[in-house]
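Below is one structure; the comments refer to it alone.
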Amino acid sequence: DAGITQSPRHKVTETGTPVTLRCHQTENHRYMYWYRQDPGHGLRLIHYSYGVKDTDKGEVSDGYSVSRSKTEDFLLTLESATSSQTSVYFCAISESGELPKLFFGSGTQLSVL
Amino acid sequence: KQEVTQIPAALSVPEGENLVLNCSFTDSAIYNLQWFRQDPGKGLTSLLLIQSSQREQTSGRLNASLDKSSGRSTLYIAASQPGDSATYLCAVAKYSGGGADGLTFGKGTHLIIQP
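Put into structure tokens, the structure is as follows:
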């Protein structure tokens, strides 16, 4: 998967607990993205980063925060998980913002009970 | 707001057939369009990317066309094989120089190729 590792691959947590998902890339790509995929909704952008410490909100950012302290790592945090955040989360990277051919990680299945 | 629709939602055909998957979008001011493949439990793999100035792109047995004025793209798969079974998604990038923060995905077509 183009040098993209997501961890954990699966996680079960309880409502109200904080959760952090990690995306690690070895491609040195500038842009990194977090998407969620839900039946009936397709993929929706949560947050993205265009450089170290440079991030911006996507379509469905409420309840999520991100951080990028190094080029290779992009963290997604659910401050207080809710059942509506049960989903499959995908990290993606692209070399530039102008020609966004995306490369995706294998995903994290998150269940919030 | 850009909306991307893929028809059909599911398709099952015998091996060896040529087939066409459809993608339509509501706003023709696009930067590019991508077709992806997703296998169960996996991430997405980019198959073809068509710039707004292009009409088609080809890779092996795959051919993607783009008609920006009518808001349509098709993915043609020739001589289908069981290994082509997957979900195929199209995604449209809006024209703002904004890159993939402006990508809108369709919900996909689930394709099954019967041996």
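If you're matching them up, the sequences are chains B and H in order.
Counting in the numbering used here, the first sequence runs without a single skipped number right up to 360 at its last residue.
Counting in the numbering used here, the second sequence runs without a single skipped number right up to 96 at its last residue.
Note that beta-carbon positions come from the ideal geometry of N, C-alpha and C, so glycine has one too.
With a threshold of 9 Å between beta carbons, residue 269/B makes no contact with chain H.
Bounds of the beta strand (DSSP E) holding residue -5/H are -9 to -5. Per DSSP, residue 7/H lies in no beta strand (DSSP E) segment and is marked neither H nor E.
Shown here, residue 87/H sits in coil according to DSSP, grouped into three states, outside any helix or strand. Contact between residue 360/B and residue 266/B is ruled out by a C-beta separation of about 12 Å, above the 8 Å threshold. No Cβ-Cβ contact shorter than 9 Å links residue 313/B with residue 288/B.
Taken through DSSP and simplified to helix, strand or coil, residue 298/B comes out as strand. Annotation: the stretch 265 to 343 of chain B contains the following complete segments of the beta strand (DSSP E) (minimum length 3 residues), in chain order: 266 to 272, 278 to 285, 289 to 298, 301 to 304, 311 to 317, 320 to 325, 334 to 341.
When secondary structure is reduced to three states using DSSP, residue 48/H falls in the strand class.
Under the DSSP assignment, residue 74/H falls in the beta strand (DSSP E) whose first and last residues are 67 to 75. Residues of chain H with a Cβ closer than 9 Å to the Cβ of residue 352/B are, in chain order, 24. At least 9 Å separates the beta-carbon of residue 8/H from that of residue 68/H. Sequence-distant partners of residue 261/B (beyond 5 residues in either direction) whose C-beta falls short of 8 Å from its own C-beta, in its chain, are 328, 359, 360. Taking C-beta separations shorter than 7 Å and ignoring five residues to either side along the sequence, the partners of residue -2/H in its chain run 61, following chain order.
Chain H has a Cβ within less than 9 Å of the Cβ of residue 251/B. Around residue 290/B, the beta-carbon contacts reaching into chain H at under 7 Å are 86.
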